[in-house]
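S.K.: Sharing a structure with you now.
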Amino acid sequence: MADFSALARTYGTPLYVYNFDTITEQFTTLKEAFKARKSLVCFAAKANSNLSVLKHMAKLGAGCDCVSIGEVKRALFAGIPKYKIIFSGVGKRDDEIEEALQNDILMLNLESEEEMKRVEIIASRLGVQARISIRVNPNIDAQTHPYISTGLHENKFGVDIESAKRMYIHAKNATSLDPVGIHFHIGSQITELQPFRDAASVLANLLRNLKALQIDIKFFDVGGGVGIRYDNEITISLYDYAQGIFTALGGLDVTLVCEPGRYLVGNCGYFLTKVLYEKNNGYKRFVIVDGAMNDLIRPSLYGAYHEIEAYGKTMEHTTLCDVVGPVCESGDFFAKSIALPPMEHDDILVLKSAGAYGFTMSSNYNSRTRVAEVAVENGSDRLIRKRESFEDLIALEKEYV
Ligand SMILES: *Cc1c(COP(=O)(O)O)cnc(C)c1O
62 MADFSALART YGTPLYVYNF DTITEQFTTL KEAFKARKSL VCFAAKANSN
112 LSVLKHMAKL GAGCDCVSIG EVKRALFAGI PKYKIIFSGV GKRDDEIEEA
162 LQNDILMLNL ESEEEMKRVE IIASRLGVQA RISIRVNPNI DAQTHPYIST
212 GLHENKFGVD IESAKRMYIH AKNATSLDPV GIHFHIGSQI TELQPFRDAA
262 SVLANLLRNL KALQIDIKFF DVGGGVGIRY DNEITISLYD YAQGIFTALG
312 GLDVTLVCEP GRYLVGNCGY FLTKVLYEKN NGYKRFVIVD GAMNDLIRPS
362 LYGAYHEIEA YGKTMEHTTL CDVVGPVCES GDFFAKSIAL PPMEHDDILV
412 LKSAGAYGFT MSSNYNSRTR VAEVAVENGS DRLIRKRESF EDLIALEKEY
462 V
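In the working numbering, the protein residues as written are 62 to 462.
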């Protein structure tokens, strides 16, 4: 891929690097799989909301699935057309609903009857008709990590089928609501086809029931969740994924919407970090690096695996070690008991598949400044987010001391 040493020299470390050509390939594969039907790919902005990433999505023809008004505004700023923007999430505030309606986005994905009432009140006050979709919880086990499983009744997301039906009937008769979509999203990093097939057929049946009630739904939104390879996972074929959904839909004439996050950007990203020290306390070997859990929290949060490459080193005389950061938490690690050769100060470690839920989950914990982000495209690289400075860190506080 790229010369990571050169990138580390030019931009410093820790650093996120995204290969935009990989994003293009993933997008193309997905569109190709869906080509037998009308489809709209709405990138889940929470996976990676860098403006240049969103602009790249816009160029590819993608829309955006957003979970806050901040993401909606990022998407608009980056040039995603308003008619390709969806607003999802269990806890939308009144001001967020109002701004989304004023921006005339494609639809709001509703997650409760109470939320629908708020949307109806706000739309009526604004004198607009709110295009809505309802997130149905099909009670299906996505067989993934419990923290990223969302399609079971024990999860906070969506509404059950009976409530959904009631909501659609209400919406059809309400002057300020226009029910245009139906939605499910059962979890993330899913590597089995069956949960998608089951969820799609549950929702397709509901769609047929609604049709019988003269409620015509235009958008069938299958959410995101397609897993990627971090380690040795066997991922699903996008062709089979699409076919499974088509089979569930049968003759229903709808536009297929999907909301992939991780699938589009996960494998495009690399997190570069430099070795500071080796430390051996007699029991254990630690490789201490300049990156930390505040920069990339997935290992700490989910025990997630990221392959680590000792860049430019030969894998000789390796021994087991933990790769850890400088943050004052025992949970601050990138890997446990992995084999690495002896490391020296300034050697570079590359963490793979760090393009999704990496930078977007980063924080300023320990008063660490957020890292820079770089795009690689057609063999050349460019900065797409400056490294934060100490001035940035104190900007919103300094006037009060
Ligand atoms: C997080 C999320 C997605 C994207 O999930 P991935 O696993 O990254 O594909 C899509 N839709 C909704 C509603 C989400 O909350």
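Cβ coordinates follow ideal geometry from the N, Cα and C atoms, glycine included.
As the structure is a prediction and not an experimental result, all values here were calculated from the model.
So does aspartate 282 have its beta carbon nearer than 6 Å to some heavy atom of ligand 1?
M.R.: Taking the sequence shown and counting its residues from 1, one reaches residue 282 at position 221. Because no heavy atom of ligand 1 lies under 6 Å away, the Cβ of aspartate 282 does not count as near it: no.
S.K.: Between arginine 359 and ligand 1, is the CB less than 6 Å from at least one heavy atom?
M.R.: Along the sequence shown, read from residue 1 onward, the residue named residue 359 stands at position 298. The answer is no for arginine 359.
S.K.: With DSSP as the reference, label cysteine 389 as helix, strand or coil.
M.R.: Here the question's residue 389 lines up with position 328 in the sequence shown. Of the three classes helix, strand and coil, the one that applies to cysteine 389 here is coil, per DSSP.
S.K.: From Ile289, Lys374, Leu454 and Asp407, pick the residue whose C-alpha is nearest to that of tyrosine 26; which is it?
M.R.: With the chain running from 62 to 462 in the structure shown, residue 26 is simply not present.
S.K.: Please work out which residues of its chain come closer than 7 Å, Cβ to Cβ, to alanine 139, disregarding the five sequence neighbours upstream and downstream, and give them in chain order.
M.R.: Position 78 of the sequence shown, counting from 1, holds the residue named residue 139. These residues qualify, in order along the chain: Leu112, Leu115, Lys116 and Ala119.
S.K.: I need the straight-line Cα distance from serine 423 to proline 75, nearest angstrom please.
M.R.: Locating residue 423 in the sequence shown gives position 362, where the first residue counts as 1. Locating residue 75 in the sequence shown gives position 14, where the first residue counts as 1. So the alpha carbons of these two residues sit roughly 12 Å apart.
S.K.: Tell me whether histidine 214 is buried or exposed, calling it buried when 16 or more other Cβ atoms sit within 10 Å of its Cβ.
M.R.: Indexing the sequence shown from 1 puts residue 214 at position 153. It counts as exposed.
S.K.: Within the present structure, is the beta-carbon of proline 321 separated from the nearest heavy atom of ligand 1 by less than 6 Å?
M.R.: On the sequence shown, residue 321 is found 260 positions in, with the first residue counted as 1. Proline 321 Cβ: within cutoff of ligand 1.
S.K.: So which of Ser298, Arg196, Ser398 and Lys143 has the shortest CA-CA distance to aspartate 165?
M.R.: Indexing the sequence shown from 1 puts residue 165 at position 104. Nearest of Ser298, Arg196, Ser398 and Lys143 to aspartate 165, Cα basis: Lys143.
S.K.: Less than 7 Å separating the beta-carbons of aspartate 252 and glutamate 294?
M.R.: For the purposes of this step, residue 252 is taken as residue 191 along the sequence shown, with counting starting at 1. For the purposes of this step, residue 294 is taken as residue 233 along the sequence shown, with counting starting at 1. According to the sequence shown, residue 252 is threonine rather than aspartate. Result yes, Cβ atoms of threonine 252 and glutamate 294 sit closer than 7 Å.
S.K.: Check the DSSP bridge columns for lysine 335 and list the partner residues they point to.
M.R.: In the sequence shown, the residue the question calls residue 335 occupies position 274. Beta-bridge pairing links lysine 335 to Ile409.
S.K.: In this structure, does DSSP put arginine 98 in helix, strand or coil?
M.R.: Residue 98 sits at position 37 when you count from the first residue of the sequence shown. Looking at arginine 98 - three-state DSSP - the assignment turns out to be coil, as it is neither helix nor strand.
S.K.: Measure the alpha-carbon distance for asparagine 216 versus isoleucine 195 and round it to whole angstroms.
M.R.: Translated into the one-based positions of the sequence shown, residue 216 becomes position 155. Translated into the one-based positions of the sequence shown, residue 195 becomes position 134. So the two alpha carbons sit approximately 16 Å from each other.
S.K.: Could you check whether the segment 401-408 touches the segment 97-107, counting it as contact only if at least three pairs of C-beta atoms, one from each stretch, sit closer than 8 Å?
M.R.: No: the two stretches stay apart, fewer than three of their Cβ pairs being nearer than 8 Å.
S.K.: Cβ atoms of alanine 108 and arginine 431: under 7 Å apart, would you say?
M.R.: The count along the sequence shown starts at 1 and reaches residue 431 at position 370. The count along the sequence shown starts at 1 and reaches residue 108 at position 47. No, the pair does not count as a contact, with Cβ atoms beyond the cut-off.
S.K.: Using the Cα positions of lysine 374 and aspartate 82, report the straight-line distance between them to the nearest angstrom.
M.R.: Position 313 of the sequence shown, counted from the start, is the residue given in the question as residue 374. Position 21 of the sequence shown, counted from the start, is the residue given in the question as residue 82. Going by the C-alpha atoms only, they are around 26 Å apart.
S.K.: At a threshold of 6 Å, does glycine 219 count as lining ligand 2 (C-beta to nearest heavy atom)?
M.R.: Among the ligands in the structure shown, ligand 2 does not appear; only ligand 1 can be found there.
S.K.: What runs of the beta strand (DSSP E), each 3 residues or longer, lie entirely inside the segment 341-403?
M.R.: The qualifying runs are 346-350, 369-371, 380-385 and 394-401.
S.K.: Is the separation between the beta-carbon of glutamate 42 and that of serine 149 shorter than 7 Å?
M.R.: Lying outside 62 to 462, the shown extent of the chain, residue 42 is not represented and no answer is given.
S.K.: Where do the N-terminal and C-terminal ends of the beta strand (DSSP E) with asparagine 170 fall, by residue?
M.R.: Counted from its first residue, the sequence shown places residue 170 at position 109. Segment 168-171, the beta strand (DSSP E) holding asparagine 170.
S.K.: Assuming leucine 181 and leucine 238 form a contact by the criterion Cβ under 8 Å, report the distance between their Cβ atoms to the nearest whole angstrom.
M.R.: Position 120 of the sequence shown, counted from the start, is the residue given in the question as residue 181. Position 177 of the sequence shown, counted from the start, is the residue given in the question as residue 238. Correcting the residue type first, residue 181 is glutamate in the shown sequence and not leucine. Glutamate 181 to leucine 238, Cβ: 6 Å. Contact.
S.K.: For glycine 416, is the beta carbon positioned less than 6 Å from some heavy atom of ligand 1?
M.R.: In the sequence shown, counting from the first residue as 1, residue 416 sits at position 355. Glycine 416: no, Cβ never under 6 Å from ligand 1.
S.K.: Pop quiz: isoleucine 193 and valine 241 are said to be a contact at Cβ under 8 Å. What is the actual Cβ separation, rounded to whole angstroms?
M.R.: The residue given as residue 193 occupies position 132 in the sequence shown. The residue given as residue 241 occupies position 180 in the sequence shown. Their Cβ separation, rounded to whole angstroms, is 7 Å, which keeps isoleucine 193 and valine 241 in contact under 8 Å.
S.K.: Quick test of your reading: isoleucine 369 and phenylalanine 395, contact by CB under 8 Å. State the CB separation rounded to the nearest angstrom.
M.R.: Translated into positions along the sequence shown, residue 369 becomes position 308. Translated into positions along the sequence shown, residue 395 becomes position 334. Right, their Cβ atoms sit about 7 Å apart.
S.K.: Taking 7 Å as the threshold (C-beta atoms), are alanine 415 and glycine 330 in contact?
M.R.: Position 269 of the sequence shown, counted from the first residue, corresponds to residue 330. Position 354 of the sequence shown, counted from the first residue, corresponds to residue 415. In contact: glycine 330 and alanine 415 (Cβ atoms closer than 7 Å).
S.K.: Give the C-beta separation of phenylalanine 88 and leucine 325 to the nearest angstrom, bearing in mind that I take them to be a contact with Cβ-Cβ under 8 Å.
M.R.: For the purposes of this step, residue 88 is taken as residue 27 along the sequence shown, with counting starting at 1. For the purposes of this step, residue 325 is taken as residue 264 along the sequence shown, with counting starting at 1. At roughly 6 Å, the Cβ-Cβ gap stays under 8 Å, so phenylalanine 88 and leucine 325 are in contact.
S.K.: For my contact list, valine 318 and phenylalanine 281 are in at a C-beta cut-off of 8 Å; report their separation, rounded to the angstrom.
M.R.: Here residue 318 corresponds to residue number 257 of the sequence shown, with the count starting at 1. Here residue 281 corresponds to residue number 220 of the sequence shown, with the count starting at 1. Right, the Cβ-Cβ distance comes to about 7 Å (below 8 Å), so this counts as a contact.
S.K.: Is any heavy atom of ligand 1 found at a distance shorter than 6 Å from the C-beta of valine 126?
M.R.: As a working mapping, residue 126 is identified with position 65 in the sequence shown. The sequence shown places aspartate at residue 126, not valine. Result yes, Cβ under 6 Å from ligand 1.
S.K.: What's the C-alpha gap between alanine 63 and glycine 440?
M.R.: As a position in the sequence shown, residue 63 is number 2, starting the count at 1. As a position in the sequence shown, residue 440 is number 379, starting the count at 1. Going by the C-alpha atoms only, they are around 8 Å apart.
S.K.: Quick check on the DSSP output: what are the complete alpha helix (DSSP H) runs of length 4 or more inside the segment 154-199, in order along the chain?
M.R.: Taking only runs of at least 4 residues, the alpha helix (DSSP H) segments lying wholly in the segment 154-199 are 155-163 and 174-187.
S.K.: Taking only runs of the alpha helix (DSSP H) that begin and end inside the segment 243-295, which ones reach a length of at least 4 residues, in chain order?
M.R.: Those alpha helix (DSSP H) runs which fall completely within the segment 243-295 and span 4+ residues are 255-273.
S.K.: How big is the Cα-Cα spacing for glutamate 449 and alanine 433?
M.R.: On the sequence shown, position 388 is the one that residue 449 refers to. On the sequence shown, position 372 is the one that residue 433 refers to. Each residue's alpha carbon lies about 7 Å from the other.
S.K.: Can you find the residues in the same chain that come closer than 8 Å, C-beta to C-beta, to lysine 233, ignoring five residues on each side of it along the sequence?
M.R.: As a position in the sequence shown, residue 233 is number 172, starting the count at 1. The residues are Pro240, Leu274, Gln275 and Ile276.
S.K.: Determine the DSSP secondary structure at alanine 436, reduced to helix, strand or coil.
M.R.: Locating residue 436 in the sequence shown gives position 375, counting from the first residue. Residue state, collapsed to three classes: strand.
S.K.: Taking the straight line between their C-alpha atoms, what separation do you get for aspartate 408 and phenylalanine 332?
M.R.: As a working mapping, residue 408 is identified with position 347 in the sequence shown. As a working mapping, residue 332 is identified with position 271 in the sequence shown. Rounded to the nearest angstrom, the two C-alpha atoms are 14 Å apart.
S.K.: Which value, in whole angstroms, describes the spacing of the CA atoms of cysteine 103 and valine 385?
M.R.: To locate residue 103, count along the sequence shown from 1; it is residue 42. To locate residue 385, count along the sequence shown from 1; it is residue 324. So the two alpha carbons sit approximately 35 Å from each other.
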